[in-house]
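**Student:** Quick note on numbering: the sequence shown equals residues -25 to -1, 1 to 381 in mature numbering (1 follows the signal peptide of the UniProt record, and there is no 0). All C-beta atoms in this analysis are idealised placements derived from N, C-alpha and C, irrespective of residue type, glycine included.
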Amino acid sequence: MVRGLRRLGLTAAAGTTLVAPPAAAHAPPAANAVPAANAVPAAAYAPPGPGPDAGSSDEQGVQPGAPSWVPFVPPAPPLPARPPAPAVPSPWGRSQPAKSGGTAYIALAGSGRVARVDVATHTVTSTAIRADTAEGVAVTPDARKVYAAATGQYQVIAVDAATLRATPITVGAHPQDVAVSPDGAQAYAAVTGGDTGAGGSSEVAVIDTRTDTVARRIDVGAAPRRIAFAPDGRSAYVTTARGLTVIDTAKGEVAGTVPGIPDAQGVAVAPDGSRVYATQPDADLLYVVDAASRTVTRQVKAGAEPWAVAAAPDGRKVYVADMNSDSAGVYDASGRRHLADVPVGRRPASVAATPDGSEVWVGNGMTGTVSVIDTSADEVATTIRGGSASATLGASPLDIAFVRDP
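Written out as structure tokens, the structure is:
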């Protein structure tokens, strides 16, 4: 059902308890806020129950006070790791952490929570948002709404960032990812149907963010996994069990596919929209795609099991979370040069760049932490652990979304 958790070997069973910050850190509801009829407080919301294929109480939502994680020993030894390339000194000098500040939202699949983090201070300010087995998270450009994929159920949870009022949106069985369009008008949810292989669902559910209802569904091919929008919002790219699908967002239909990328997982788009990057974990490959022609221009040997990918906002570098290498690979934008391998935590499964590009955050699935990479030196500057200096965020930070403060 849950491809990321299966690879990591994590479940939402009894184990290490997530540490939440004091209640005072949560934003109180606005005095004049009028919630939607089906809205409930995020902290109190519990999914309605497991789908027909759910066989254990672990898939019925994490109850208040009991978010947890269980590590497991992978069934096979790690794949042989590439010798790391020497780091290339950056010509731009060291940057200061998150100069423009902002907020990060981190999907914690194993604890059924979404953490809110102050980017400037690397401090967890809230873990109130709840979404069963959250594997995907996105935020509107105006920072007003957060969308979390409740992968363990049938919903995407829309949350008012100020009041923390939650509105569950039924999209289909076990959505793995959610992405918001650059104009904030739509949110796309990748609906797996409980199977991330050839037998899974083939739908992307398109959510109207004004009404938080499903406006249409798009057939993209078996087992949609991750979604990334082009910067101009005209196209969306979806990885599936069969490859990379391109959606024309104005028409709400498939515009084409990119041949030669079987069983794709991670996806990212260059800031100018000219290139698309996709990973294939089973073959240890990073693909560089020309967006105009929809053709693969370069196939790059990555680290062991490259799971997620992010493009730097300045368009110069690409970062890949190599799950079975416990590192983040760094490449130039063309994919011709392998610049560095940055050691991070165990089983990294998500990666994202801050809006100002000074940092890249890597979510470590088995460690339950986020490694913060200083992009001027391509080395870890600090590690985000949770509500206290010693507590971990919780199992499987599988997605990270940034937004500038309004």
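Mapping DSSP to helix, strand and coil, what is residue 136?
**Tutor:** In this structure, residue 136 counts as coil in the three-state DSSP scheme.
**Student:** Applying the criterion that 16 or more other CB atoms from any shown protein chain within 10 Å of the CB defines a buried residue, is residue 7 buried or exposed?
**Tutor:** Per-residue confidence for residue 7 stands at a pLDDT of 39, beneath the threshold of 50, marking its modelled position as unreliable; the derived number appears in the next sentence. So residue 7 counts as exposed.
**Student:** Could you please give me the residues that DSSP links to residue 165 through a beta bridge?
**Tutor:** Answer is 152, 179, bridged to residue 165.
**Student:** Helix, strand or coil: how does DSSP classify residue 93 here?
**Tutor:** Residue 93 falls in the strand class under three-state DSSP.
**Student:** Can you tell me the Cα-Cα spacing of residue 323 and residue 109, whole angstroms?
**Tutor:** Answer to the nearest angstrom: the Cα atoms are 16 Å apart.
**Student:** Would the beta-carbon of residue 266 fall within 9 Å of that of residue 244?
**Tutor:** Yes.
**Student:** Find out if the Cβ-Cβ distance for the pair residue 116, residue 378 is shorter than 9 Å.
**Tutor:** In contact: residue 116 and residue 378 (Cβ atoms closer than 9 Å).
**Student:** Enumerate in chain order the residues of its own chain whose CB-to-CB distance from residue 384 is below 7 Å, with the five nearest sequence positions on each side excluded.
**Tutor:** Here the chain comprises residues numbered -25 to 381, so residue 384 is not present and cannot be evaluated.
**Student:** Rounded to whole angstroms, what's the CA-CA distance from residue 275 to residue 137? Just pull it up for me.
**Tutor:** Taking the straight line joining both Cα atoms gives about 42 Å.
**Student:** Could you check whether the segment 193 to 203 touches the segment 235 to 250, counting it as contact only if at least three pairs of C-beta atoms, one from each stretch, sit closer than 8 Å?
**Tutor:** The segment 193 to 203, when compared against the segment 235 to 250, does touch it at the 8 Å Cβ threshold.
**Student:** Starting from residue 307, trace the beta strand (DSSP E) in both directions and tell me its first and last residue.
**Tutor:** Where residue 307 is concerned, the enclosing beta strand (DSSP E) stretches over 302 to 307.
**Student:** Sorted by chain position, which residues of the same chain lie with C-beta nearer than 6 Å to residue 93's C-beta, five sequence neighbours on each side aside?
**Tutor:** If we look at residue 93 and ignore the five residues flanking it on each side, its Cβ neighbours are 100.
**Student:** Since residue 315 is in the beta strand (DSSP E), which residue starts that stretch and which ends it?
**Tutor:** Its beta strand (DSSP E) spans residues 313 to 318.
**Student:** Between the Cα of residue 186 and the Cα atoms of 135, 177, 285, which residue gives the shortest distance?
**Tutor:** The candidate whose alpha carbon is nearest that of residue 186 is 135.
**Student:** Please look up how many angstroms separate the CB atoms of residue 334 and residue 355, rounded, as I've assumed it's under 8 Å.
**Tutor:** With a Cβ gap of about 10 Å, residue 334 and residue 355 do not count as contacting.
**Student:** Nearest CA to the CA of residue 228: which residue from 289, 295, 211, 197?
**Tutor:** Nearest C-alpha to residue 228: 211.
**Student:** Count the other CB atoms within 10 Å of the CB of residue 234; is the residue buried (16 or more) or exposed (fewer)?
**Tutor:** By the neighbour-count rule (16 or more Cβ atoms within 10 Å), residue 234 is not buried but exposed.
**Student:** How would you write the range of the beta strand (DSSP E) that residue 110 sits in, first residue to last?
**Tutor:** Taken as a continuous stretch (DSSP letters only), the beta strand (DSSP E) holding residue 110 covers 109 to 114.
**Student:** Between which two residues does the beta strand (DSSP E) carrying residue 194 extend?
**Tutor:** First-last of the beta strand (DSSP E) with residue 194: 188 to 194.
**Student:** What are the start and end residues of the beta strand (DSSP E) that includes residue 339?
**Tutor:** That run of the beta strand (DSSP E) goes 334 to 339.
**Student:** Which whole-angstrom value is the C-beta distance of residue 213 and residue 195, which I expect to be below 8 Å?
**Tutor:** Contact holds; Cβ gap of about 5 Å.
**Student:** Give the DSSP bridge partners of residue 209, in chain order.
**Tutor:** Answer is none; residue 209 lacks a bridge partner.
**Student:** To which residues does DSSP link residue 265 through a beta bridge?
**Tutor:** DSSP output for residue 265 lists 250, 270 as bridge partner(s).
**Student:** With distances taken between CB atoms, is the gap from residue 119 to residue 381 smaller than 9 Å?
**Tutor:** Going by C-beta atoms, residue 119 is nearer than 9 Å to residue 381.
**Student:** According to DSSP, is residue 256 part of a helix, a strand, or is it coil?
**Tutor:** Correct three-state label for residue 256: helix.
**Student:** Based on the DSSP secondary-structure assignment, which residues constitute the bridge partners of residue 119?
**Tutor:** Residue 119 is not bridged to any residue.
**Student:** Over the uninterrupted beta strand (DSSP E) stretch that includes residue 281, give me the two end residues.
**Tutor:** First-last of the beta strand (DSSP E) with residue 281: 281 to 286.
**Student:** Here's the rule I'm using: 16 or more other beta-carbon atoms within 10 Å means buried, otherwise exposed. How should residue 325 be labelled?
**Tutor:** By the 10 Å Cβ count, residue 325 comes out buried.
**Student:** Expressed to the nearest angstrom, what Euclidean distance is found between the alpha-carbon atoms of residue 352 and residue 361?
**Tutor:** Cα to Cα, residue 352 sits roughly 25 Å from residue 361.
**Student:** Compare the C-alpha of residue 83 against each of 150, 339, 272 and name the closest.
**Tutor:** For residue 83, the nearest C-alpha among the options comes from 339.
**Student:** In whole angstroms, what separates the C-alpha of residue 85 from that of residue 371?
**Tutor:** Cα-Cα distance, rounded: 6 Å.
**Student:** Write down the C-beta distance between residue 150 and residue 124 rounded to the nearest angstrom, noting that I regard them as a contact closer than 8 Å.
**Tutor:** With 8 Å as the limit, residue 150 and residue 124 qualify as a contact, their Cβ atoms being about 4 Å apart.
**Student:** Please check if any C-beta of chain C sits within less than 9 Å of the C-beta of residue 251.
**Tutor:** Included in the structure is just one protein chain, with no chain C present.
**Student:** For residue -2, count neighbouring C-beta atoms within 10 Å of its own C-beta (all shown protein chains included) and say buried if the count is 16 or more, exposed if not.
**Tutor:** For residue -2, the predicted structure reports a pLDDT of 36, less than 50, and the residue's modelled location is therefore unreliable. A value from the coordinates is still provided. With fewer than 16 other Cβ atoms within 10 Å, it is exposed.
**Student:** If you run the structure through DSSP and keep just helix, strand and coil, what is residue 236?
**Tutor:** In the structure shown, residue 236 sits in coil (DSSP, three-state: anything other than H, G, I, E or B).
**Student:** My output table needs one value for residue 29: the three-state DSSP class, helix, strand or coil.
**Tutor:** Annotation note: pLDDT 34 at residue 29 (below 50); position unreliable, coordinate value reported separately. Note: residue 29 maps to coil in three-state DSSP.
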